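**Q**
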Amino acid sequence: MRIKNNGHSAQVEIDASVAPRVTGGGLKGEYIFAQFHFHWGSDSSLGSEHTIDGVRYPMELHMVHYKGSYGTLGEAVKRRDGLAVLGVMIEVSSNDNPALAPLATALLNITDAENFADVSFKHPLKAFLPRNVERFYRYEGSLTTPTCNEVVTWTVFDEAIAISERQLNNFRALKDPHGGMIVNNFRPPQPLNNRKVYVSADSSADSSTVKRVGLSLSIVTSMAVLMMNM
Ligand SMILES: [Zn+2]
234 MRIKNNGHSA QVEIDASVAP RVTGGGLKGE YIFAQFHFHW GSDSSLGSEH TIDGVRYPME
294 LHMVHYKGSY GTLGEAVKRR DGLAVLGVMI EVSSNDNPAL APLATALLNI TDAENFADVS
354 FKHPLKAFLP RNVERFYRYE GSLTTPTCNE VVTWTVFDEA IAISERQLNN FRALKDPHGG
414 MIVNNFRPPQ PLNNRKVYVS ADSSADSSTV KRVGLSLSIV TSMAVLMMNM
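Going letter by letter, the sequence shown gives residues 234 to 463 in my numbering.
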């Protein structure tokens with residue numbers, strides 16, 4: 234893996250002969266992994282872009298994939314169903330998350346913007362997903378650039394993964410190009426504007442537990458921009 238301080242987040246790419254894919258769960262077609270990155274707060278009362286039942290998490294991970302049939306990420310961002318992003322809420326635990334440990338340690342060497350570090354990591358990407366991947370929320374997200382393309386199929390898992398405050402603080406120590414701290418690099422939830430948010434069939438088994446998901450539509454823009462800059 235290679236982790237980079239891109240000036241507004243910590244972004245991870247992987248070196249694999251065959252990039253991981255995601256299929257199923259209502260996605261139409263096969264989506265190829267491109268990168269993952271994080272959003273976090275200045276303290277643990279905020280940081281996530283989505284809210285679940287109004288609850289904000291201190292961090293959110295976004296695993297970005299593009300539709301294989303479009304060939305490249307650059308082509309996919311022009312298509313309505315071009316991207317599939319998996320969103321994972323991250324909550325504070327008293328223990329370090331072992332899957333995040335190599336990345337959190339590497340952050341100490343890339344506090345300045347545009348620095349990167351290679352990280353030896355031999356676990357599947359699944360190590361960053363919650364145990365329960367059957368329970369998730371789904372909506373079609375749109376760019377807020379002037380053309381307002383709808384290109385992201387969002388999957389937001391209901392179950393969070395863990396991180397320690399110590400590990401979180403390594404993210405909060407990253408600096409932007411002007412030397413300021415990269416914190417609160419998230420956009421707040423936006424109005425639904427008649428969009429439908431779907432809940433996976435597993436979740437709908439108990440409708441009383443269906444939660445409201447707050448949307449962050451505007452962030453989709455910056456993410457696409459970020460990816461095109463890769
Ligand atoms: Zn993101």
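Backbone N, C-alpha and C fix where the C-beta goes; we use that ideal spot for every residue, glycine too.
On a predicted model such as this, the values are computed, not experimentally measured, just so you know.
#1: Identify the continuous alpha helix (DSSP H) that holds E398 and give its terminal residues.
#2: Could you give the first and the last residue of the continuous alpha helix (DSSP H) run that contains L306?
#3: Just to confirm, is the Cβ distance from E367 to S433 under 8 Å?
#4: Could you check what DSSP says for S290 in three-state terms: helix, strand or coil?
#5: By DSSP, does G315 sit in helix, in strand, or in coil?
#6: Using the C-alpha atoms, what's the distance from G412 back to V385?
#7: Around the Cβ of T388, are there at least 16 other Cβ atoms within 10 angstroms (buried) or fewer (exposed)?
#8: Return yes when at least one heavy atom of ligand 1 lies under 7 Å from the C-beta of H295, else no.
#9: Determine, using beta carbons only, whether I394 comes closer than 8 Å to chain B.
#10: For H298, which residues in the same chain have their Cβ closer than 8 Å to its Cβ, ignoring the five residues on either side in sequence?
#11: With H, G and I counted as helix, E and B as strand and the rest as coil, what does DSSP make of F419?
#12: Should N403 and L340 be called a contact, given that it needs their Cβ atoms to be closer than 8 Å?
#13: So is R289 buried or exposed if we call it buried at 16+ other beta carbons inside 10 Å?
#14: Short of 8 Å in beta carbon distance, which residues of its chain neighbour Q400, apart from the five on each side in sequence? Order them along the chain.
#15: In whole angstroms, what separates the C-alpha of E383 from that of A350?
#16: With DSSP collapsed to three states, give me the class of A360.
#17: Would the beta-carbon of H272 be found less than 7 Å away from any heavy atom of ligand 1?
#18: Give the DSSP-derived three-state secondary structure of S326 in the structure shown.
#19: DSSP has H352 in a bridge; who is on the other side?
#20: Just checking my contact of I394 with F361 at CB under 8 Å: how many whole Å lie between their CB atoms?
#21: Can you name the start and end residues of the alpha helix (DSSP H) that T338 belongs to?
**A** The answer reads as follows:
#1: 398–405
#2: 306–309
#3: yes
#4: With the sequence shown as reference, residue 290 is identified as Tyr, and Ser is not the correct amino acid for it. Here Y290 sits in coil by DSSP.
#5: Residue state, collapsed to three classes: coil.
#6: 32 Å
#7: In summary, T388 is buried, with 16 or more beta-carbon neighbours lying within 10 Å of its beta-carbon over all protein chains present.
#8: yes
#9: Chain labels in this structure do not include chain B; a single protein chain is all it has.
#10: R254, V255, Y264, I265, F266, A267, L316, A317, V318, L319
#11: coil
#12: yes
#13: buried
#14: D329, N330, L333, A334, A337
#15: 33 Å
#16: helix
#17: yes
#18: strand
#19: Residue identity check: residue 352 is Val in the sequence provided, not His. Answer is none; V352 lacks a bridge partner.
#20: 7 Å
#21: 334–340
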